[in-house]
Amino acid sequence: MLWGTIHNYLEIKVDDQPAYRIQLKTKENSITLAQNLPKGEHTILICKNTEFENGYVEIVGVTCDNLLKSAPKQKRKIEFIGDSITCGAASDESEIKCDKGQWHDQHNAYMAYGPTTARNLNAQWHLSSVSGIGLMHSCCDKKIIMPQIFDKINMAKDSIKWDFKLYQPDVVTVCLGQNDGIQDSAKFTSAYIKFAKALRGYYPDAKLVFLSSPMASKELKAALVKYINAVKENLKINGDANTGAYFFAKQYNKGCGSHPSVAEHKQIGAELTTYLKKTMRW
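Heads up: the sequence shown at position 100 corresponds to 116 in this note's numbering, and the numbers run straight through without jumps.
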């Protein structure tokens, strides 16, 4: 549907066929998801590729021969917290090239590193991410930071609080700091520790994994490594050793605006998959 003049994208996957993109061009859309399928049961996945600021998508109904119950969900659960990188923003030029169209035309959440990692590990996934957001400083004239909005359904101050009982992940990854940039070490570390403690309150049993930014420069990566190691050590000293840290091997910036491309998200996901397999013994 259209959200004002802003359009959304969906990623559609039918059985084991390659996923494909659909742009929603009107307020109400009637979409043919698949046709000429062989007789038998088929599975269709619909993923909203664009983020919160593009508005919501409501599925009014489905027309098919027979709608079966969904298969049981995977037992493993992961949540990915982050910024535009985690959103899959600026990654997909398959239809509209960089610097063309609107800012969200290259969004692809389904192919972002988080969902890619989750699929590799046969896990459910949640993205809690906003383009431009930071831990203590956001970019692009945003007046919000992640700790202010993480517990809300909507980003507004008066939004309904999210019920964390609805989704208790085994792993929570935090990928923030790209929009903060290099900050005062003590202030940034303190803000990170405070947010990590809040996460622990929401998720008492989850493994908290702190990530460097995949698109960080050498200087920013070095700062994030320093900050994250200090956060991890502080939490350990204060009784929380159920944490981890992973620093990406290189800078991924071949997408639009120096963001990771879809191909690079696959590489990022492969890195994170290897780490989580080992640390979670999955």
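No residue lacks a Cβ here, since even glycine has one placed at the ideal position from N, Cα and C.
Span of the alpha helix (DSSP H), counted from its first residue to its last, around residue i
i      : result
Glu287 : 278-296
Thr102 : 100-103
Which listed residue (the options) has its alpha carbon closest to that of residue i
i      : options                       : result
Phe96  : Thr132, Gly255, Ala50, Lys43  : Thr132
Gln118 : Cys80, Glu69, His142, Met127  : Glu69
Ile101 : Asn124, Gln39, Lys41, Ala286  : Asn124
Pro230 : Lys282, Lys89, Gly255         : Lys282
His23  : Phe263, Ile94, Asn65          : Asn65
Leu292 : Asp115, Lys55, Tyr126, Asn138 : Asn138
Leu251 : Lys55, Lys223, Ser274, Lys234 : Lys223
Ile94  : Glu280, Asp221, Ala232        : Asp221
Lys210 : Cys156, Lys248, Ser175        : Lys248
Thr79  : Lys89, Arg92, Gln51, Ser228   : Gln51
Met171 : Glu67, Val278, Ser110, Gln90  : Glu67
Lys91  : Leu26, Ala134, Tyr219, Ala128 : Ala134
Gly197 : Lys173, Ser274, Val76, Cys155 : Cys155
Cys114 : Ala261, Leu53, Lys294, Ser274 : Ser274
Lys294 : His120, Gly71, Ala261, Ser110 : Ala261
Ala279 : Leu53, Lys43, Ser110          : Ser110
Gly71  : His120, Trp298, Ile253        : His120
Straight-line Cα distance separating residue j from residue i
i      : j      : result
Leu304 : Glu57  : One cannot answer for residue 304 here, as it falls past the ends of the chain, which runs 17 to 298.
Ala257 : Lys270 : 36 Å
Asp32  : Trp178 : 33 Å
Lys203 : Val225 : 20 Å
Ile47  : Asp81  : 16 Å
Asn136 : Val30  : 18 Å
Val73  : Lys41  : 12 Å
Leu236 : Asp186 : 29 Å
Pro276 : Tyr268 : 5 Å
Ile112 : Leu192 : 27 Å
Trp141 : Ala87  : 16 Å
Ile165 : Arg216 : 16 Å
Ile62  : Ile28  : 5 Å
Ile60  : Thr189 : 27 Å
Lys55  : Ala286 : 35 Å
Met296 : Thr259 : 11 Å
Leu49  : Tyr126 : 16 Å
Leu182 : Thr290 : 28 Å
Ile38  : Asn45  : 11 Å
Ile75  : Leu26  : 12 Å
Lys89  : Gly77  : 21 Å
Leu53  : Trp298 : 35 Å
Residue i - containing beta strand (DSSP E), residue span
i      : result
Lys248 : Per DSSP, Lys248 belongs to no beta strand (DSSP E); it is in the alpha helix (DSSP H), 234-253.
Tyr129 : Segment 129-136 is the alpha helix (DSSP H) holding Tyr129; no beta strand (DSSP E) there.
His373 : The displayed coordinates of the chain run from 17 to 298. Any statement about residue 373 would go beyond what the structure contains.
Glu111 : Careful: Glu111 lies outside any beta strand (DSSP E) and carries neither H nor E.
Tyr38  : Inspection of the sequence shows that residue 38 is occupied by Ile rather than by Tyr. Looking at the DSSP string, the run of the beta strand (DSSP E) that includes Ile38 is 36-39.
Glu4   : Residue 4 falls outside the range modelled here, since the chain spans only 17 to 298, and no answer is possible.
Leu61  : 60-64
Thr259 : 259-262
Under 8 Å between C-beta atoms of residue i and residue j
i      : j      : result
Asp99  : Gln122 : no
Cys272 : Ala35  : no
Thr205 : Ala246 : yes
Ile284 : Phe264 : yes
Gln199 : His153 : yes
Gly148 : Asn195 : yes
Tyr208 : Leu288 : no
Cys103 : Ser144 : no
Pro163 : Ala214 : yes
Ile176 : Ile169 : yes
Val241 : Ser233 : no
Tyr218 : Phe180 : yes
Cutoff 8 Å: residue i Cβ touching any chain B Cβ
i      : result
Asp174 : Judged by its chain identifiers, the structure shown contains no chain B, having just a single protein chain.
**Request:** Please go through the segment 165-241 and give each complete alpha helix (DSSP H) segment of 4 or more residues, from N-terminal end onward.
**Result:** 201-218
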